[in-house]
Amino acid sequence: MRLELIAATTFGLEAVTKREIQDLGYEILATEDGKVIFEGDERAVVKANLWLRTADRIQIRLAEFMATESEELFQMIKGIPWEEWIPLDGKFIVDCATHKSKLNSVPKTQAVSEKAVVERLKETYPVERFEKTGALFKIKVTVLKDRVTVTLDTTGASLHKRGYRKLNNDAPIKETLASAMILLSFWKNDRILVDPCCGSGTIPIEAAMIGKNIAPGINREFSAEAWPAIEENLWVEERKAAREAVRKNEVLRIYGSDIDSESIKIAKVNAKEAGVENDIRFAVCDIAKVTTSKEYGVMVTNPPYGVRIGDERGIKGVYSAYEKFFTDNPTWSLFVITSDKDFEKKVMKREADRRRKLYNGRLEVCYYQFHGEKRRNRDE
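See the structure below:
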């Protein structure tokens, strides 16, 4: 079955998610703010959920049309073959959003949309009332400037919930954003990666999963797994393929440290849950004491920046440590997110080689990329 799929993503990560989808072998149809639309089939639903590291969820786009009146909306949604997706006991939930449209009442739009789904299903199932005791089908009806998009969510809990983060410290970075930071950096398996403010270990863990080629969704469940329309054997086959794709013998040099001993305890637990406890060296260490004799390493980090955690005096100490480390190690590269708009001037004393506006949760941040000296040859 040909499907139009949407990989919903955090604003600013569209290009990274697009590359991931292309690496899976699927054709991109369009890229918009917060979403990448691509073509696939039922297996694509499975693979995208299992493998995409930077997307938040995978949706099936069932219809897109213009509507300015409730009757138009009703008829168009009723025209969607819901019976091909939702079984008799399906637990279908309709969620609506509307912006700059004549259909401006969310409760009314939601009621009309749900009624349309019910009336369509009644043509297939001879019942007056749906019990909704089975698998979950989350329908999203979005109305933007009178254009209606109807999607069906295949993911369930957001894809950033890999399942390994059993414990958290203050203000943990989302796994999807941590992965994007790694994928946008210079880091490859033959380089050292360091996060000196690793907190609960998300950045080092995501790096290790990338380095070992561990599918981020391999140990979790998805809404679409319980759908009759997607054969169970597809999930079995793709999970088996994902396990076989793991590079078990890959040797990685990944280091995570933090001044807080409790955070390091949490990081070790999370790394074990992710299956990468032997690929990361965690240590309790003040960032000011982080040193190295190696060249051409990569530091990827989410330091405290006072908005969510950290105090002014502590942040100044962190900044001073960064400045000293990169003065002493000019071949190293720094990849850092922060909401501090003066980070370049305060810390590196130069403009970043690249910048990218991102969001850490709802907080706007900038992803600064400071490139170190280029390698003299490939053997170094």
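Residue numbers (my numbering): 40 to 419. Positions of the beta carbon are idealized from the N, C-alpha and C atoms, including for glycine.
Proximity of the stretch 312 to 319 to the stretch 262 to 277 falls short of the contact definition, fewer than three beta-carbon pairs being nearer than 8 Å. For Y358, the closest C-alpha among the options E334, K388 and K86 is that of K388. Per the coordinates, the alpha-carbon of K184 lies some 50 Å from the alpha-carbon of A360.
The Cβ neighbour count for L198, taken over all protein chains shown within 10 Å, is at least 16; the residue is labelled buried. Here the alpha carbons of E264 and G195 stand approximately 10 Å from one another. The alpha-carbon of E43 is positioned some 5 Å away from that of E78. The Cβ atoms of T148 and L112 sit closer than 8 Å to each other.
Within the stretch 247 to 317, the runs of alpha helix (DSSP H) that reach at least 4 residues and sit entirely inside it are, in chain order, 271 to 284 and 300 to 313. Per DSSP, N143 lies in no beta strand (DSSP E) segment and is marked neither H nor E.
Residue pairing by DSSP places G238 opposite no residue, since no beta bridge is assigned to it.
Remark: fewer than three beta-carbon pairs, one from each stretch, lie closer than 8 Å, so the stretch 255 to 264 and the stretch 364 to 381 are not flagged as touching. Bounds of any beta strand (DSSP E) do not take in M115; it lies within the alpha helix (DSSP H) bounded by S109 to K117. In terms of CA proximity to Q408, I376 leads the group I376, K227, V182 and E301. For D185, there is no enclosing beta strand (DSSP E), as DSSP gives it neither H nor E. Taking each of T188, E334 and L216 in turn and checking the Cα distance to I76, the smallest one comes out for T188. Contact check for L175 against V308 fails: the beta carbons are separated by 8 Å or more. By the criterion of a C-beta distance shorter than 8 Å, S239 is surrounded in its chain by R204, L206, N207, N208, P211, S302, I305, A306 and N309, once the five residues flanking it on both sides are discounted. Excluding residues up to 5 positions away in sequence, L89, W90 and A281 lie with their Cβ nearer than 6 Å to the Cβ of A254 in the same chain.
Separation of K161 and Q114 (C-alpha to C-alpha, rounded to the nearest whole angstrom) is 15 Å. DSSP places R415 outside both helix and strand once states are collapsed to three, so it counts as coil. A distance below 6 Å between beta-carbons, with the five flanking residues on each side excluded, links L222 to the following residues of its chain, in chain order: V55. At the C-beta level, T193 and I97 come within 8 Å of one another. With a contact defined as Cβ atoms closer than 8 Å, W226 and A246 qualify at about 7 Å. Residue pairing from DSSP places D134 in a beta bridge opposite K179. The stretch 121 to 132 makes contact with the stretch 163 to 180, as at least three CB pairs between them are under 8 Å. When the Cα atoms are used, R168 and F50 turn out to be separated by approximately 40 Å.
R292 and I231 do touch by the CB rule: their CB atoms are close to 5 Å apart, below 8 Å.
Look at E167 here: in three-state DSSP terms it is coil, with no helix or strand label. About 4 Å separates the CB atoms of S224 and F374; that is less than 8 Å, so the two are in contact.
Taking a contact as a CB-CB distance under 8 Å, the pair S152 and I116 counts as one, their CB atoms being some 5 Å apart.
With respect to R286, K328 sits apart: the two C-beta atoms are not nearer than 8 Å.
Residue environment: E103 is assigned as exposed (fewer than 16 neighbouring CB atoms within 10 Å of its CB, all protein chains considered). Distances from the alpha-carbon of K333 to those of I269, V233 and K380 put V233 closest. Between the C-alpha atoms of I132 and D325 there is a straight-line separation of about 49 Å.
Per the coordinates, the alpha-carbon of E59 lies some 43 Å from the alpha-carbon of V166. Relative to the Cα of E362, the nearest Cα in the group T330, S378 and E53 belongs to T330.
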